[in-house]
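Numbering (our numbering), first residue to last: 711 to 858.
The block underneath contains the structure these notes are about, expressed in structure tokens.
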Ligand SMILES: [Zn+2]
């Protein structure tokens, strides 16, 4: 329990997370928490598409950990997976995060594999990436994604 609290505290302070702190082998520590869904802000604090997006992230933190958010939050907030967009109110201002998680949920319901979900999200949202140079998090994601 103590470690979960510590992880949550770090995750809730994005400014404290630097790219160098991200474990490139295992993904971000939020994704290694025993119950990552507990870190996602409850959907009932939001309405409409935003609420649906937070509910989706809480339902499938494992999938969110394997998706990359292309809104630029990797470089601006140090995020290394889509899950991190949902442990703060970041997604409120981010149509990219919402679109990615809602597409992922739809595909999960169709029993698509993680590789198929990654490919679909990349095809939909990679064009939103605002930076010329890929971050370490994006380079690592590309190396680990489960489709070729
Ligand atoms: Zn994001």
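Beta carbons are placed, not taken as given, at the ideal position from N, Cα and C, and that holds for glycine.
Residue i, enclosing alpha helix (DSSP H) - first and last residue
i, result
"residue 808", "805-819"
"residue 760", "758-769"
"residue 783", "783-786"
Alpha-carbon to alpha-carbon, residue j and residue i
i, j, result
"residue 754", "residue 799", "13 Å"
"residue 741", "residue 772", "7 Å"
"residue 834", "residue 810", "8 Å"
"residue 745", "residue 829", "26 Å"
"residue 793", "residue 813", "14 Å"
"residue 804", "residue 751", "15 Å"
"residue 853", "residue 757", "36 Å"
8 Å contact criterion, which residue i and residue j should meet: CB distance rounded
i, j, result
"residue 796", "residue 851", "Incorrect: roughly 17 Å between the Cβ atoms, too far for contact."
"residue 806", "residue 781", "4 Å"
Query raised in the report: Counting pairs of Cβ atoms below 8 Å between the segment 843-853 and the segment 812-827, do you hit three or more?
Result: No, because fewer than three Cβ pairs between the segment 843-853 and the segment 812-827 fall closer than 8 Å, the two stretches do not touch.
Query - Continuous alpha helix (DSSP H) assignments of at least 4 residues falling wholly in the segment 824-848 - result: Within the segment 824-848, the complete alpha helix (DSSP H) runs of at least 4 residues are 824-835.
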